[in-house]
Structure formats: structure tokens, C-alpha cells
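Q: Got a structure here, written out as C-alpha cells. Questions coming.
Residue numbers (the numbering used here): 1 to 77.
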């Protein structure tokens with residue numbers, strides 16, 4: 001894992017595993033809502049009434065509906 005993704009991956013994975021609702025704000029101001037179904041290096045699949053593939057470079061902010069504990073280091077196992 002690259003150093004730049006040491007926080008991103010555990011954060012997204014915690015949201016996915018706990019099925020936390022999220023609001024994703026895009027750089028153009030559009031707000032998307034749903035649950036994170038899956039993700040990789042370049043995209044996030046957001047699940048709502050339909051699945052949407054959102055490119056990470058288009059995302060400005062991800063806001064969880066509730067607080068999530070982010071496991072870091074050895075805790076991520």
C-alpha cells in the first residue's frame with residue numbers, strides 16, 4: 001500500500017464493513033448519498049436504489065452519517 005493511502009483505505013473499509021450511510025460531495029458540488037459497496041485505487045461503488053461508480057478524482061468530501069473508528073497499523077488486520 002502506498003504511503004498516501006494509509007488513511008484512505010482503512011476509512012473506506014470501515015464505512016463499507018459497518019454499512020454506514022455516507023454523503024459524497026463531488027468537486028462540481030453534486031451530493032450523492034448511499035452506502036459504500038466496494039472501492040479500489042480509482043473508484044468507489046456507491047449503493048443506493050442503484051449502484052453508482054464514482055471516480056475518486058471527482059470526489060471533494062465524504063461525510064459519514066455517524067462517527068466511525070478508523071483502525072490504523074496493526075489494528076487493520
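Using N, Cα and C, we set each Cβ at its ideal position, and we do this for glycine too.
(1) Please classify residue 36 as buried or exposed, where buried requires at least 16 other C-beta atoms within 10 Å of its C-beta.
(2) May I ask you to report which of helix, strand or coil DSSP gives residue 12?
(3) Across which residues does DSSP place residue 24 in a beta bridge pair?
(4) Output the distance between the C-alpha atoms of residue 45 and residue 55, rounded to the nearest integer angstrom.
A: Looking at the coordinates:
(1) buried
(2) helix
(3) 32, 62
(4) 9 Å
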